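**Student:** Please find one structure pasted underneath; my questions will follow.
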Amino acid sequence: MAKEVTSRAENYSQWYNDLALKADLAEQSAVRGCMVIKPYGYAIWEKMQSILDGMFKKTGVQNAYFPLFIPKSFFSREAEHVAGFAKECAVVTHHRLKNDPDGNGVIVDPDARLEEELIVRPTSETIIWSTYKNWVKSWRDLPILCNQWCNVVRWEMRTRLFLRTAEFLWQEGHTAHATAEEAEQEAFRMVNVYADFARNVMALPVIIGHKSPNERFAGALDTLTIEAMMQDGKALQAGTSHFLGQNFAKSFDVQYTDKEGKQQYVWATSWGVSTRLMGALIMAHGDDNGLVLPPALAPIQVVMVPIFKTDEEHAAIMEKFDSLKSALEALGHSVKIDDRDTLRPGFKFAEWELKGVPVRIALGARDLASGTVEVSRRDTLTKETVALEGVEQYIHTLMDAIQKNIYEKALAFRTANIQKCDSWEEFKTEIQNGKFLLCHWDGTVETEQKIKDETKATIRCIPIDSVVCEEEGKDIYSGKPSHRRVVFAISY
RNA sequence: CGGGGUGUGGCGCAGUUGGUAGCGCAUCUGGUUUGGGACCAGAGGGUCGCAAGUUCGAGUCUUGUCACCCCGACCA
C-alpha cells in the first residue's frame with residue numbers, strides 16, 4: 010500500500026499519476042495506452058454519468074446506441090472531419106483467427122480478410138449521420154436529440170491516465186434541427202449544461218467560450234468549450250459542444266420536407282464529455298494527502314472508523330455507528346463503516362484521505378464516555394469533536410459547506426492565476442509561470458500560430474462568460490486592432 | 001515519428017575491476033499491539049526484457065532486438 014503521494018512542486022505530472030494510481034482509481038493495462046478503471050474510480054464515473062444523464066434528459070435528450078465499427082467509406086464523406094481523425098484510427102482488417110500451422114499459437118487467418126475495412130469509432134458522427142438519413146423525412150421528425158454513452162478509440166502517440174488514453178469512455182450527443190438558429194441554441198444550451206455540471210457537481214470553476222478557428226472540432230462551424238485551470242496553471246478542455254452547420258447533413262444527404270414542401274438539409278450539433286473529467290477532478294482538487302472529492306461525486310461521503318481495545322468497546326461503538334449510519338442514509342448520504350480489524354486507525358485515516366472521502370467520523374473509548382464523535386473534513390483537514398446526539402444534522406449541513414468550499418478554493422486559485430496582459434515580454438514569462446492571460450488578439454490564425462510556435466500557448470477560448478473581455482485594444486503580438494480579450498494558456 | 005532514459009521477486013531499488021543475486025515495502029505464520037500509515041520472530045517468492053557473441057565463468061562486456069517511461073509534434 011502506498012504511503013505518500015509525491016509532492017506536487019517537484020513534478021506535477023508524476024504527482025498526478027501517483028495520485029490516480031494510489032487512490033485506486035485506475036491502473037495501466039497490458040494494452041499500450043489503455044487503462045483499467047478500478048471499482049473505486051468507476052464508482053465516481055458512474056456518479057458523473059447518472060447526474061449528467063439526468064441533466065440531459067431534462068432537456069429532452071434520449072439515449073441510443075450506435076455501432077462500434079464504422080465502414081471505412083463513411084469516413085471519406087466529410088473531408089475536414091476525416092483529416093482531423095485519420096492519423097489516430099484503429100482499423101479492423103480481418104474477422105477470424107486460426108491455429109498457426111507452424112505450431113506458434115494462433116495467427117490471423119489470411120482468408121478472413123474483410124472486403125471493406127472497419128474503423129473503430131474515434132467519434133460517431135459518421136455512423137450516426139448515415140443512420141439519421143433514414144430517420145429524417147419530414148419537418149415533423151425534427152428535432153432529433155440523441156445521446157450515447159460509449160467507448161471510443163483514438164490511437165494517440167502519447168497517453169496519460171484519464172487525460173489522453175487510447176480508449177476512453179464518454180458520452181456524445183448528436184442532434185438534428187430544422188433551422189440554424191435552433192441548432193446554434195442547442196449547442197449553447199449544452200455547453201451551459203456542462204458548465205453547470207462542472208461548477209455545481211464537480212466544484213470546478215470553468216470559463217465558457219468559443220474555440221478559435223484553429224482549435225475547432227474537425228468539421229464544425231463553431232466549437233463551444235468549458236476550460237478549467239489545473240493546479241499547475243495549465244488549462245484543461247473539460248467539455249465541448251459543436252455547431253456543425255449543414256456539413257454532415259450534406260455529406261450524408263440528410264434532408265427533410267419542410268412545411269412548404271421543399272427539401273431542406275438539417276442543421277446539426279454534437280457535444281461530449283469524457284473520462285477526462287476524472288483527470289480534471291484529480292488535478293483541480295487533489296492535495297499532497299491524496300484525492301479531494303466534492304461530496305456530490307464521492308461514492309462514499311462519510312467513513313466511520315472505530316477505535317477500540319476490547320470486544321465490549323467494539324460492540325458499543327458499532328451500535329452507535331449503525332444507528333448513525335441509518336440516520337445519515339435517511340438524509341441521503343452514502344456511508345461506510347470501516348470495521349476491518351486487521352488495520353490500525355491511523356492507517357485507515359490515511360487511506361480514506363488518499364481516496365478523498367469528504368467526512369470521516371472516529372469514535373473511541375473517550376468519545377463513548379463523553380457522548381461525542383470526532384468529525385474530520387477532507388477539504389480542510391480539520392477535526393472537531395461534536396456531540397453524538399444530532400450529529401447527523403451537523404454532517405448534513407457540513408456536506409454542503411464542503412461542496413461549496415472546494416469550489417471556492419479552486420475559484421480563488423484560478424482568480425489568483427488569471428490576469429490581463431498587454432506586453433509581449435510579460436506574456437512570454439507569465440505564460441511559463443502557469444498563468445491564464447487575458448490578451449487582445451487580432452483574430453487571425455497566423456498570429457495565433459506564431460504565438461503557439463514561440464510559447465506553446467494557445468487560445469483556450471474566446472470567453473462569453475466568467476471573465477469580462479469586451480474592450481478595445483491592440484493585439485499582444487501583432488499590434489493590430491482588437492475588440493476583445495481572449496484567454497491564452499498552456500494546455501493539456 | 002524525432003530527442004533522452006529505463007528494463008533485476010507483486011511494487012520500488014542496489015549490485016564495485018566479470019566469480020553463480022541482495023535490500024526496503026508488500027505477502028504468509030505466530031505473538032504483542034490498536035486516538036494518525038505498529039513492532040518482534042520466522043517463512044515463501046527472481047532462468048536479472050529477449051536473442052546471439054566474447055569468456056573457464058556474464059545481472060555486469062559486445063552486437064542485435066523488443067518493451068515501457070519522459071520531453072516534443074497531435075488530441076477529449
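Using the working numbering, the first residue of the first sequence is number 10, and each one after it goes up by one. Glycine included, each C-beta is placed from N, C-alpha and C at the ideal position. In this text the structure is predicted, and so the values were computed from the model without any measurement.
Would you tell me roughly how many angstroms separate the C-alpha atoms of GLN428 and HIS103, rounded to the nearest one?
**Tutor:** Working through the first sequence from its first residue, we reach residue 428 at position 419. Working through the first sequence from its first residue, we reach residue 103 at position 94. Rounded to the nearest angstrom, the two C-alpha atoms are 54 angstroms apart.
**Student:** Given 8 angstroms as the limit, is there contact between the stretch 177-186 and the stretch 152-162, that is, 3 or more CB pairs closer than that?
**Tutor:** Result yes; three or more Cβ-Cβ pairs closer than 8 angstroms.
**Student:** Any contact between the stretch 164-174 and the stretch 75-90? By contact I mean 3 or more CB pairs, one from each, below 8 angstroms.
**Tutor:** Not touching, per the Cβ criterion.
**Student:** Which residues does DSSP pair with ARG494 in a beta bridge?
**Tutor:** Working through the first sequence from its first residue, we reach residue 494 at position 485. HIS449.
**Student:** Mind checking which residues open and close the beta strand (DSSP E) that includes ALA35?
**Tutor:** Indexing the first sequence from 1 puts residue 35 at position 26. Looking at the DSSP string, the run of the beta strand (DSSP E) that includes ALA35 is 35-37.
**Student:** Using DSSP with H/G/I as helix, E/B as strand and the rest coil, what is PHE83?
**Tutor:** Sequence index remark: in the first sequence, residue 83 carries index 74 (1-based). Note: PHE83 maps to helix in three-state DSSP.
**Student:** Please classify SER250: is it buried, with 16 or more other beta-carbons within 10 angstroms of its beta-carbon, or exposed?
**Tutor:** Against the first sequence, residue 250 aligns to sequence position 241. Label assigned to SER250: buried.
**Student:** Here's the rule: buried if 16 or more other CB atoms are within 10 angstroms of the residue's CB, otherwise exposed. What is LEU352?
**Tutor:** Reading the first sequence from its first residue, position 343 is the one you call residue 352. Exposed is the call here.
**Student:** In the DSSP assignment, find the beta strand (DSSP E) that holds GLU193 and state where it starts and stops.
**Tutor:** Here residue 193 corresponds to residue number 184 of the first sequence, with the count starting at 1. First-last for GLU193: 189-209, but that is the alpha helix (DSSP H), not the beta strand (DSSP E).
**Student:** With DSSP run on the structure shown, which of helix, strand or coil describes VAL454?
**Tutor:** For the purposes of this step, residue 454 is taken as the residue at position 445 of the first sequence. Here VAL454 sits in helix by DSSP.
**Student:** Would you mind sorting ASN156 into buried or exposed? The rule is 16 or more other CB atoms within 10 Å of its CB.
**Tutor:** Here residue 156 refers to the residue found at position 147 when the first sequence is read from its first residue. That one is buried.
**Student:** Quick check: what's the CA-CA separation for CYS448 versus GLU435?
**Tutor:** To locate residue 448, count along the first sequence from 1; it is residue 439. To locate residue 435, count along the first sequence from 1; it is residue 426. If I take the Cα positions, the gap works out to 11 angstroms.
**Student:** Only counting the same chain, and skipping five residues up and downstream in sequence, which positions put a Cβ closer than 8 angstroms to that of LYS437?
**Tutor:** Looking up residue 437 in the first sequence gives position 428. Here the set comprises GLU463 and THR464.
**Student:** Taking the alpha-carbon positions, what's the ILE411 to ALA99 distance?
**Tutor:** For the purposes of this step, residue 411 is identified with residue 402 of the first sequence, where counting begins at 1. For the purposes of this step, residue 99 is identified with residue 90 of the first sequence, where counting begins at 1. Going from the Cα of ILE411 to the Cα of ALA99 covers about 43 angstroms.
**Student:** What separation, rounded to the nearest whole angstrom, lies between the Cα atoms of ALA336 and SER22?
**Tutor:** Taking the first sequence and counting its residues from 1, one reaches residue 336 at position 327. Taking the first sequence and counting its residues from 1, one reaches residue 22 at position 13. When rounded, the distance between both Cα atoms is 41 angstroms.
**Student:** Give a yes or no on contact between the stretch 231-240 and the stretch 255-267, applying the rule of three or more CB pairs nearer than 8 angstroms.
**Tutor:** With the cut-off at 8 angstroms, the stretch 231-240 and the stretch 255-267 do not touch.
**Student:** Nearest-angstrom Cα distance between VAL215 and MET238?
**Tutor:** In the first sequence, counting from the first residue as 1, residue 215 sits at position 206. In the first sequence, counting from the first residue as 1, residue 238 sits at position 229. Their Cα atoms are separated by approximately 8 angstroms.
**Student:** What is the DSSP secondary structure of LYS12, reduced to helix, strand or coil?
**Tutor:** For the purposes of this step, residue 12 is identified with residue 3 of the first sequence, where counting begins at 1. Any reading at LYS12 must be qualified, since the residue scores a pLDDT of 37, below 50, and its modelled position is unreliable; the value itself is stated next. Here LYS12 sits in coil by DSSP.
**Student:** At the level of alpha carbons, what is the spacing between VAL384 and PHE358?
**Tutor:** Along the first sequence, read from residue 1 onward, the residue named residue 384 stands at position 375. Along the first sequence, read from residue 1 onward, the residue named residue 358 stands at position 349. Cα to Cα, the separation comes out at about 12 angstroms.
**Student:** For the beta strand (DSSP E) holding ILE153, just list the boundary residues, first then last.
**Tutor:** Position 144 of the first sequence holds residue 153. Element bounds for ILE153: 153-162.
**Student:** So what's GLU134 in DSSP terms, helix, strand or just coil?
**Tutor:** In the first sequence, residue 134 corresponds to position 125, counting from 1. The answer is helix: DSSP assigns GLU134 an H, G or I state.
**Student:** Give a yes or no on contact between the stretch 370-381 and the stretch 394-407, applying the rule of three or more CB pairs nearer than 8 angstroms.
**Tutor:** At 8 angstroms Cβ cutoff, the stretches touch.
**Student:** Considering Cα atoms alone, identify which of GLU479, LYS444 and ARG423 is closest to TRP450.
**Tutor:** Counting from one through the first sequence, the residue named residue 450 turns up at place 441. Per the Cα distances, GLU479.
**Student:** Tell me the DSSP secondary structure of MET44 in three-state form.
**Tutor:** One-based indexing of the first sequence puts residue 44 at position 35. Strand, per DSSP.
**Student:** State the Cα-Cα distance for the pair ILE415 and ARG105, rounded to the nearest angstrom.
**Tutor:** By one-based count along the first sequence, residue 415 stands at place 406. By one-based count along the first sequence, residue 105 stands at place 96. Each residue's alpha carbon lies about 52 angstroms from the other.
**Student:** Only counting the same chain, and skipping five residues up and downstream in sequence, which positions put a Cβ closer than 8 angstroms to that of GLN71?
**Tutor:** To locate residue 71, count along the first sequence from 1; it is residue 62. LEU154, CYS155 and ASN156.
**Student:** Spatial neighbours of GLU125 within its chain, please: C-beta separation below 7 angstroms, excluding the five flanking residues on both sides.
**Tutor:** Against the first sequence, residue 125 aligns to sequence position 116. Answer for GLU125: PRO80, LYS81 and SER82, listed in chain order.
**Student:** When DSSP builds the beta bridges, which residues end up paired with CYS478?
**Tutor:** Here residue 478 refers to the residue found at position 469 when the first sequence is read from its first residue. DSSP output for CYS478 lists no bridge partner at all.
**Student:** Under 8 angstroms between the Cβ atoms of VAL263 and TYR141?
**Tutor:** To locate residue 263, count along the first sequence from 1; it is residue 254. To locate residue 141, count along the first sequence from 1; it is residue 132. Cβ distance < 8 angstroms, so VAL263 and TYR141 count as in contact.
**Student:** Does the stretch 277-290 come close enough to the stretch 191-202 to have 3 or more Cβ pairs within less than 8 angstroms?
**Tutor:** Taking 8 angstroms as the limit for Cβ pairs, the verdict is that the stretch 191-202 does touch the stretch 277-290.
**Student:** If you drop the 5 nearest sequence neighbours on each side, which residues of the same chain put their C-beta closer than 8 angstroms to that of HIS219?
**Tutor:** Residue mapping note: residue 219 aligns to position 210 of the first sequence, counting from 1. Only ASP231, THR232, LEU233, THR234, CYS470, ILE471 and ILE473 meet the Cβ criterion.
**Student:** Per the DSSP calculation, ILE346 is bridged to which residue(s)?
**Tutor:** Against the first sequence, residue 346 aligns to sequence position 337. Beta-bridge pairing links ILE346 to MET313.
**Student:** Classify LYS67 as buried or exposed, calling it buried when 16 or more other Cβ atoms lie within 10 Å of its own Cβ.
**Tutor:** Here residue 67 refers to the residue found at position 58 of the first sequence. With fewer than 16 other Cβ atoms within 10 Å, it is exposed.
**Student:** For my contact list, LYS146 and TYR49 are in at a C-beta cut-off of 8 angstroms; report their separation, rounded to the angstrom.
**Tutor:** Indexing the first sequence from 1 puts residue 146 at position 137. Indexing the first sequence from 1 puts residue 49 at position 40. About 47 angstroms; that fails the 8 angstroms criterion.
**Student:** I need the DSSP call for ASN256, collapsed to helix, strand or coil.
**Tutor:** For the purposes of this step, residue 256 is identified with residue 247 of the first sequence, where counting begins at 1. Reduced to three states, the DSSP call for ASN256 is helix.
**Student:** Would you say ARG386 and GLN240 are within 8 angstroms of each other, going by their C-beta atoms?
**Tutor:** Stepping through the first sequence from its first residue, residue 386 is reached at position 377. Stepping through the first sequence from its first residue, residue 240 is reached at position 231. For ARG386 and GLN240, no; Cβs fall outside 8 angstroms.
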